[in-house]
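Numbering (our numbering), first residue to last: 115 to 527.
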């Protein structure tokens, strides 16, 4: 009897079993339940429910940091609404989902929506904005009576937000006659809604829901449900899931981050042909993922971003953080002089520092010193100091300066 080829020496074979169903740890896996977001799900359901009563669903805005379950939650409720629509004649539903990533104007977003609705072909171009909007209305006219448009990363559109004003008012303004249209916006930028024009706020914001960061207990529950399906019984040491949850809770409270950490720890154990996942794998996984995140983020930094970051790093090495903008600016000028590069005014450097805070490189804390002192920011490094120095040193332009800082760190240890 032929038992097939001998795979004992094949590098793709494994002597240990770690994963029972690895797909459960992938980002596109959809959980069947979201008990940690029960109140948010109820709010979404209440906002969508008018569609079942013959009118438009409420316009809805979901905001919160990445990994808080916003997209998963809205997909969960829209799936239930679609299920209801197929079982009744009372609701004819069309859902259009898109991302505004790389769509920085209303014109670009309208063209992107047209392409999404058509399902194929190039994105229209070469016409003025109103003609693009009219073309979008023509495409919407061919959809069902109730239309819900979901726009992820809606903050990418910035201040060019005419479409966000036009879409919710399409029926009122006569662009659609017998159809109800609603817009659901999803954003990781907590300040985006404050920067919208007043008319857009009035038109778009029927309801808004904040997804607060998960705490360690919630993240533990999320990981336990995933682990039950993803790993074989007895593979995970008792402290693995609590440690993954604690690391993620201390950072951004992100379920995505916690799941990635657990997944990477499992891979490390498997790749080393160890039959269980232990604390050491979690800690190694955290170091690997943190370095990767910093590396990827730094590739997108401008020269002035790098100088602003390096200024805070230098103050961190000297033990002078958290510190105010004016002290960072003093260090920035000395670094710019040493590198013989262009210098920005203090206000622009502060803008770069705040941007670095939003990207997760710095902690930017706003302080209020009362009527006399006003508001000011204090900055400190959020990423691991030695990892940040290692990556910055790879830039030839910064190498010597960063080497001096690294030597100062080693001397103090």
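Note that CB positions come from ideal geometry on N, CA and C, so glycine has one too.
- Query: What separation, rounded to the nearest whole angstrom, lies between the Cα atoms of residue 424 and residue 501?
  - Reply: 13 Å
- Item | Beta-bridge pairing of residue 478 - partner residues as DSSP gives them | 493
- Message: My output table needs one value for residue 175: the three-state DSSP class, helix, strand or coil.
- Response: strand
- Minimum C-alpha distance to residue 392 - residue among 238, 348 and 519: 348
- Counting pairs of beta carbons, one from the stretch 341-360 and one from the stretch 304-313, are three or more of them closer than 8 Å? no
- By DSSP, does residue 115 sit in helix, in strand, or in coil? With a pLDDT of 47 at residue 115, under the threshold of 50, the predicted position of this residue should be treated as unreliable, though the coordinate-derived value follows. Correct three-state label for residue 115: coil.
- Where residue 415 and residue 463 are concerned, what is the direct C-alpha to C-alpha distance, given to the nearest angstrom? 14 Å
- Query: Is there contact here, the stretch 237-246 with the stretch 186-202, by at least three beta-carbon pairs under 8 Å?
  - Reply: no
- Task: Inspect the beta-carbon positions of residue 282 and residue 295 and report whether they are closer than 8 Å.
- Result: yes
- Can you give the Cα-Cα distance for residue 205 and residue 148, rounded to whole angstroms? 25 Å
- Which same chain residues, not among the five before or five after residue 171, have their C-beta less than 7 Å away from its C-beta? 161, 162, 164, 165, 262 and 296
- Top-ranked residue by Cα proximity to residue 284, from 323, 318, 202 and 299: 318
- Message: Less than 8 Å between the C-beta atoms of residue 368 and residue 179, yes or no?
- Response: yes
- Query: DSSP puts residue 294 in a beta bridge; with which residues?
  - Reply: 260
- Candidates 325, 265 and 312: closest to residue 226 by CA position: 265
- Query: Considering only C-alpha positions, which residue in the set 373, 228, 503 and 492 is nearest to residue 142?
  - Reply: 373
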